[in-house]
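J.:
Numbering (the numbering used here), first residue to last: 4 to 530.
(1) Let's see if you can read the secondary structure: which residues bound the alpha helix (DSSP H) around residue 509?
(2) Answer with buried or exposed for residue 411, where buried requires no fewer than 16 other C-beta atoms within 10 angstroms of its C-beta.
(3) At a cut of 8 Å, does the stretch 290-303 reach the stretch 454-473 through at least three beta carbon pairs?
(4) Can you tell me which of 42, 462 and 154 puts its alpha carbon nearest to the alpha carbon of residue 576?
(5) Measuring straight from C-alpha to C-alpha, what distance separates residue 428 and residue 227?
(6) Taking 7 Å as the threshold (C-beta atoms), are residue 148 and residue 180 in contact?
(7) Here's the rule: buried if 16 or more other CB atoms are within 10 angstroms of the residue's CB, otherwise exposed. What is residue 347?
(8) Buried or exposed: where does residue 120 fall if 16 or more other Cβ atoms within 10 Å of its Cβ makes it buried?
(9) Using the Cβ count rule (16 or more neighbours within 10 Å means buried), how would you classify residue 109?
(10) With distances taken between CB atoms, is the gap from residue 597 to residue 345 smaller than 7 Å?
(11) Name the one or two DSSP bridge partners that residue 182 has.
(12) Going by other Cβ atoms of all chains shown within 10 Å of its Cβ, with 16 needed for buried, is residue 168 buried or exposed?
(13) Tell me, please, whether the stretch 230-245 touches the stretch 441-455 by the rule of three or more beta-carbon pairs shorter than 8 Å.
(14) For residue 313, which option in 44, 322, 271 and 321 has the closest C-alpha, if you only look at C-alpha atoms?
(15) For residue 409, count neighbouring C-beta atoms within 10 Å of its own C-beta (all shown protein chains included) and say buried if the count is 16 or more, exposed if not.
(16) Which one of 430, 338, 508 and 369 has the shortest CA to CA distance from residue 413?
(17) Do residue 447 and residue 143 have their CB atoms nearer than 7 Å?
(18) Alpha carbon to alpha carbon, how far is residue 315 from residue 325?
(19) Are the beta-carbon atoms belonging to residue 405 and residue 256 less than 7 Å from one another?
(20) For the beta strand (DSSP E) containing residue 82, list its first residue and its last residue.
(21) For residue 358, tell me which candidate among 380, 323 and 317 has the shortest Cα-Cα distance.
(22) With a CB to CB cut of under 8 Å and the five nearest residues on each side skipped, what residues in its chain are close to residue 497?
(23) Out of 207, 45, 224 and 239, which has the shortest C-alpha to C-alpha gap to residue 141?
(24) If you check the beta carbons only, do residue 287 and residue 214 fall under 7 Å apart?
(25) Measure the CB-CB distance between residue 91 and residue 136 and report whether it falls below 7 Å.
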């Protein structure tokens, strides 16, 4: 924006421009979509808004001097890709991405494609640096990108900020990824989990916290960004055990999503009122808990805090209404108290995208019957082991997961230090996993836990199996006893018993997985 006179003065003084003219360098377009888009799609069939969003960009024509040199491509690509969720990308873009990116999955957020596209426009040996979400390192949708980085690039550094608020007012879980555009057989890179933002120098922080990792940390279905000694334990666990998903025949389920909690979830007083008005109401009411209620070997709820679910699954009305022509009228006549309770929510119920066949029914779900069974349950988010068993047919909300099995041996394993050690290095983490950070214990992670199968014809196996079951039974009873203790002395005594039994279970689990004293020390120091 300088005037000609001003520029002339500068040239006279310095014999060159203070800065090069950047007018030809700044371009506008969709850096992910190339002009070959027009070979695939008829733009006349697209809505104007969708065409504008696509806005293809031709890197070779826009930067000819970059791509016509002996080693074509940019020397460096840096950036912070836009945070755009996959739900908003639209079918046209997804169809294009599926054909052009090896890292494509239907549920991948937009930033995934920026990684691959950046390496496509880099010269051989060029450098890539980007700050974006770290979620692809553990998520299902990140599998393609993880394979791309392992096989097509030389990873140099991963600087992981976890839950730190690098970007204000945005929960993005950011990390900086530095790579080189080279295909190498053996990866050798620095992983630095940053714990604070008050550092003076990021370079020095990485130097202090960084650990050097290799292929073992990033091969397989998931990345295990940990020291070699820890990775060795994970490998031993995987070789010794079978994935939990296989162990329970794939039976891992999430809790109930009502789509309208205000209508379907009631407290103890409302339950009493509904049953007092109409005793038949009790047929449709289930005890309902959330993830915060689930603790290690027990459920912390007191009776006054109980919540209840009004439970009519999809299809319930039609199967019970005896072919009534007016189903709401039949429902109101058959269960008047509950119908009156739900009536004010008619409009909101109708608008639910996840309602059943009728608005007063819950969304379709193939496993409602599994809630009634004995099951192992756990919260979606936890900062310590919190698995327990439910024999009362509790219904769980969406912040819980469960497996309908009655297996106290499995429950003991899941609550052990070894399994928590495994989960800390597998699950996405809210905060710092080593400082009581909360793990996201979703199905995609939990189903990978290596469970040691027991050979009951082997004396040692059978003995340990029996001991773990006996200890877990005593743990369950001790936690029940803890609720009824009257004096501080009694409470202290029971807590000491629990701690002793917990240590015994941990030791038996270490033996089952054949861990060495050195490996046990690593776990004890970490957990």
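For each residue, glycine too, the CB sits at the ideal point set by N, CA and C.
The structure presented is a predicted model; accordingly, all values stated were derived computationally and were not measured.
T.: The relevant details are as follows:
(1) Start at 1 with the first residue of the chain shown, and residue 509 comes out as number 506. Residue 509 -> alpha helix (DSSP H) spans 491-515.
(2) Here residue 411 refers to the residue found at position 408 of the chain shown. Under this definition residue 411 is a buried residue.
(3) no
(4) Because the chain is modelled from 4 through 530, residue 576 falls outside the range shown and cannot be assessed.
(5) Here residue 428 is taken as the residue at index 425 of the chain shown, counted from 1. Here residue 227 is taken as the residue at index 224 of the chain shown, counted from 1. Answer to the nearest angstrom: the Cα atoms are 6 Å apart.
(6) By 1-based counting over the chain shown, the position of residue 180 is 177. By 1-based counting over the chain shown, the position of residue 148 is 145. No, the pair does not count as a contact, with Cβ atoms beyond the cut-off.
(7) Working through the chain shown from its first residue, we reach residue 347 at position 344. By the 10 Å Cβ count, residue 347 comes out exposed.
(8) Residue numbering aside, residue 120 sits at position 117 when the chain shown is read from its first letter. Buried, since its Cβ has 16 or more Cβ neighbours within 10 Å.
(9) For the purposes of this step, residue 109 is taken as residue 106 along the chain shown, with counting starting at 1. Flag for residue 109 reads exposed.
(10) Only positions 4 to 530 of the chain appear in the structure, and residue 597 is not among them; the question remains open.
(11) Stepping through the chain shown from its first residue, residue 182 is reached at position 179. 131 and 158.
(12) Here residue 168 corresponds to residue number 165 of the chain shown, with the count starting at 1. By the neighbour-count rule (16 or more Cβ atoms within 10 Å), residue 168 is not buried but exposed.
(13) yes
(14) As a working mapping, residue 313 is identified with position 310 in the chain shown. Minimum Cα distance to residue 313 is reached at 271.
(15) The count along the chain shown starts at 1 and reaches residue 409 at position 406. The residue in question, residue 409, is exposed, as its Cβ has fewer than 16 Cβ neighbours within 10 Å.
(16) By 1-based counting over the chain shown, the position of residue 413 is 410. Among 430, 338, 508 and 369, the Cα nearest to that of residue 413 belongs to 508.
(17) Numbered from 1 along the chain shown, position 444 holds the residue referred to as residue 447. Numbered from 1 along the chain shown, position 140 holds the residue referred to as residue 143. Yes, Cβ-Cβ distance for residue 447 and residue 143 is below 7 Å.
(18) The residue you call residue 315 lines up with position 312 of the chain shown. The residue you call residue 325 lines up with position 322 of the chain shown. A direct Cα-Cα distance of roughly 16 Å separates residue 315 from residue 325.
(19) Residue numbering aside, residue 405 sits at position 402 when the chain shown is read from its first letter. Residue numbering aside, residue 256 sits at position 253 when the chain shown is read from its first letter. In this structure, residue 256 lies closer than 7 Å to residue 405 by Cβ.
(20) Within the chain shown, numbered from 1, the residue matching residue 82 stands at position 79. Start and end: 77-82.
(21) Counted from its first residue, the chain shown places residue 358 at position 355. Checking every option, the nearest Cα to that of residue 358 belongs to 317.
(22) Here residue 497 corresponds to residue number 494 of the chain shown, with the count starting at 1. These residues qualify, in order along the chain: 481, 484, 485 and 488.
(23) Within the chain shown, numbered from 1, the residue matching residue 141 stands at position 138. That would be 224, whose Cα lies nearest to the Cα of residue 141.
(24) What you label residue 287 is simply residue 284 of the chain shown in a count that begins at 1. What you label residue 214 is simply residue 211 of the chain shown in a count that begins at 1. Contact flag unset, no.
(25) Along the chain shown, read from residue 1 onward, the residue named residue 91 stands at position 88. Along the chain shown, read from residue 1 onward, the residue named residue 136 stands at position 133. For residue 91 and residue 136, no; Cβs fall outside 7 Å.
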